[in-house]
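This report concerns only the one structure given below.
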């Protein structure tokens, strides 16, 4: 059987022009590097309260960032929602940031204590998560993220 494995190389994020993606139903837009490709994620019944998601890949096919939108039908606070849906989020220190004009909670490190930021923010009856493969990926997406 042929080896079909693929090795990905992390590419520096180019500065310059951006493309924009708008999710009118979820109420956000995001500007991202023109060299990246954005892909709509298919509905996933395995993810509780899943509404929509996009993933951003670099020119080499490496997943650099993602944005997931999930409903909050119980009307939980952001902190309550995170505790109910992400058991590992509070295992490392978190910080508050403003992303897209909204208060967000950010875990700069992943469960392996590597710099792979994850942010949660509340928008209407939804919770939006923004995840970056590395800090610069997260910042590239978070800095271009706007709520509508």
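Numbering (the working numbering), first residue to last: 1 to 148. The C-beta atom is built at its ideal place from N, Cα and C for all residues, glycine as well.
What runs of the beta strand (DSSP E), each 3 residues or longer, lie entirely inside the stretch 65 to 137?
95 to 99, 102 to 109, 115 to 123, 126 to 132
Let's test the definition: count the other Cβ atoms within 10 Å of the Cβ of residue 127 and tell me whether it reaches 16, buried, or not, exposed.
Within the chain shown, numbered from 1, the residue matching residue 127 stands at position 127. Looking at its Cβ environment, which holds 16 or more other Cβ atoms inside 10 Å, residue 127 is buried.
Which word fits residue 122, buried or exposed, when buried means at least 16 other C-beta atoms lie within 10 angstroms of its C-beta?
The count along the chain shown starts at 1 and reaches residue 122 at position 122. Per the 10 Å Cβ criterion, buried.
Would the stretch 99 to 113 and the stretch 31 to 38 be scored as touching if the rule is three or more Cβ pairs under 8 Å?
Contact between the stretch 99 to 113 and the stretch 31 to 38 is absent, because fewer than three Cβ pairs lie under 8 Å.
Assuming the contact rule is C-beta atoms closer than 8 Å, residue 72 and residue 125 should be a hit. Round their C-beta distance to whole Å, please.
Position 72 of the chain shown, counted from the start, is the residue given in the question as residue 72. Position 125 of the chain shown, counted from the start, is the residue given in the question as residue 125. That belief holds up - the Cβ atoms of residue 72 and residue 125 are roughly 5 Å apart, short of 8 Å.
Let me know if residue 119 comes out buried or exposed under the rule of 16 or more other beta-carbons within 10 Å of its beta-carbon.
On the chain shown, position 119 is the one that residue 119 refers to. It counts as buried.
Which of the three DSSP states, helix, strand or coil, is assigned to residue 20?
Translated into the one-based positions of the chain shown, residue 20 becomes position 20. If DSSP states are grouped into helix, strand and coil, residue 20 belongs with the strands.
Tell me the rounded alpha-carbon separation between residue 143 and residue 114.
As a working note, residue 143 is residue 143 in the chain shown. As a working note, residue 114 is residue 114 in the chain shown. Answer to the nearest angstrom: the Cα atoms are 21 Å apart.
Can you name the start and end residues of the beta strand (DSSP E) that residue 37 belongs to?
The residue you call residue 37 lines up with position 37 of the chain shown. Following the DSSP letters along the chain, one finds residue 37 inside the beta strand (DSSP E) bounded by residues 37 to 40.
Just checking my contact of residue 65 with residue 56 at CB under 8 Å: how many whole Å lie between their CB atoms?
Looking up residue 65 in the chain shown gives position 65. Looking up residue 56 in the chain shown gives position 56. About 5 Å separates the two Cβ atoms, so the contact holds.
Could you give the DSSP three-state label for residue 26: helix, strand or coil?
For this step, residue 26 is matched to residue 26 along the chain shown. Of the three classes helix, strand and coil, the one that applies to residue 26 here is coil, per DSSP.
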